[in-house]
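Here the sequence shown is numbered in full-length UniProt numbering, starting from 1 and rising by one per residue.
Presented below is the structure to which this report refers.
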Amino acid sequence: MTQMLLRISDLQVAYGHVQAVRGVSIEVGDGDFVAVIGSNGAGKSSTMKALSGVVQPVAGRIEFDGEDVTGQPSHAMVRRGLAMVPEGRHVFSDQTVEDNLRVGAFVFSREPAKVEEAIEHAYELFPRLAERRAQLAGSLSGGEQQMLAIARGLASSPRLLVIDELSLGLAPKILEMLFPVLVELNKEGLAVLLVEQLANQALAVSRRAYVMENGVVSISGESRALASDPRVMEAYLGRRGH
Ligand SMILES: Nc1ncnc2c1ncn2[C@@H]1O[C@H](COP(=O)(O)OP(=O)(O)O)[C@@H](O)[C@H]1O
Ligand SMILES: [Mg+2]
């Protein structure tokens with residue numbers, strides 16, 4: 001049994017009267033690859049925002065590396081080893097590729113040598129970014145911006161990489177390149193929590209998965225088993241929980 005890295009228990013998130021997350025529990029082991037799938041509005045992003053300290057949960061508990069981190073601000077979570085690639089990427093459009101990476105690396109270490117090392121590592125992973133290092137991030141294609149968002153997260157030397165909607169707006173050709181990168185990073189020991197609307201792709205690369213519907217986890221288990229579970233398809237067609 002691998003050691004537990006992240007344990008989200010009975011999490012609740014609300015926006016005023018809108019209860020977006022109604023008691024969600026998710027676990028990610030050290031070096032694990034976990035997917036969270038589910039249709040639009042299921043509460044996936046709200047769960048990730050509570051995890052990364054962008055929204056305050058109404059109830060529940062978040063443990064990271066054995067410590068209670070519930071409600072901690074984003075920068076504290078980054079220092080603990082959580083890298084969040086938010087839905088829509090949010091790269092700094094008016095800064096260069098390299099400056100985006102520098103920001104990510106700087107959060108981890110202020111030692112210039114370490115920062116340069118992290119940046120070079122990002123370029124090795126995504127050579128396309130190396131070619132565009134002096135370009136403004138806003139001028140990159142969607143796929144390149146996703147690469148940059150991932151690379152920026154990795155530059156903070158995380159233990160857990162969370163990606164909210166890897167595939168959003170990206171062409172299949174780009175995805176054929178990005179999914180294997182996640183598999184490779186996981187093989188190197190990085191834990192990955194992938195939120196993804198493309199269920200088949202997410203189940204193909206992950207080890208375990210959670211299906212979210214209407215603010216709760218409706219199904220969870222080994223990804224291989226869920227890939228052929230008719231309930232997963234039904235969840236997407238919206239036949240359940242209504
Ligand atoms: N900032 C917000 N204010 C009000 N309601 C929100 C906000 N963000 C999300 N919601 C609502 O919370 C629910 C869950 O949204 P979200 O977590 O984004 O789901 P998902 O990521 O699975 O698509 C939806 O009903 C959505 O409309
Ligand atoms: Mg979302």
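Where a beta carbon is used, it is the ideal one built from N, C-alpha and C, also for glycine.
Every value quoted in this text rests on a predicted model; they were computed, and no experiment measured them.
key: Rounded straight-line distance, which links the Cα of Glu-111 to that of Val-181   = 27 angstroms
query = Based on the DSSP output, what are the partners of Ser-220 in its beta bridges?
reply = Tyr-210
Three-state class that DSSP yields for Gly-143 in the structure shown = helix
key: Top-ranked residue by Cα proximity to Ser-220, from Gly-143, Ile-37, Ser-157   = Ile-37
key: Beta-carbon contacts of Ala-14 that lie in its chain and below 6 angstroms, excluding the five residues immediately before and after   = Val-58
key: Span separating the alpha-carbon of Gly-241 from that of Ser-45   = In this prediction, Gly-241 has a pLDDT of 48, which is less than 50 and means its spatial position is unreliable; what the coordinates show is noted afterwards. Cα to Cα, the separation comes out at about 19 angstroms.
message = Check this for me: beta carbons of Phe-108 and Ala-118, under 8 angstroms apart or not?
response = yes
message = Let's test the definition: count the other Cβ atoms within 10 Å of the Cβ of residue 243 and tell me whether it reaches 16, buried, or not, exposed.
response = Since the first and last residues shown for the chain are 1 and 242, residue 243 lies out of range.
message = Applying the 10 Å Cβ sphere with the 16-neighbour rule, what's the burial state of Gly-153?
response = buried
ask   = For the 8 angstroms Cβ check, are there 3 or more pairs between the stretch 177-195 and the stretch 23-41?
value = yes
request  = For Lys-49, count neighbouring C-beta atoms within 10 Å of its own C-beta (all shown protein chains included) and say buried if the count is 16 or more, exposed if not.
outcome  = buried
ask   = Just to confirm, does Gly-43 get its C-beta within under 7 angstroms of one of the non-hydrogen atoms of ligand 1?
value = yes
request  = Tell me, to the nearest whole angstrom, how far the beta carbon of Gly-43 is from that of Asp-10; I am working on the premise that it is less than 8 angstroms.
outcome  = At roughly 13 angstroms, the Cβ-Cβ gap does not stay under 8 angstroms, so Gly-43 and Asp-10 are not in contact.
key: Buried or exposed (CB count within 10 angstroms, at least 16 for buried), Asp-68   = exposed
ask   = Asp-10 by DSSP, collapsed to three states: which one?
value = strand
query = Which value, in whole angstroms, describes the spacing of the CA atoms of Gln-146 and Leu-166?
reply = 7 angstroms
ask   = What is the DSSP secondary structure of Val-195, reduced to helix, strand or coil?
value = strand
ask   = What whole-angstrom Cβ distance do His-232 and Val-217 have, given they're in contact under 8 angstroms?
value = At residue 232 the sequence reads Val, which differs from the His that was named. Actually they are not in contact, since the Cβ atoms of Val-232 and Val-217 sit about 12 angstroms apart, beyond 8 angstroms.
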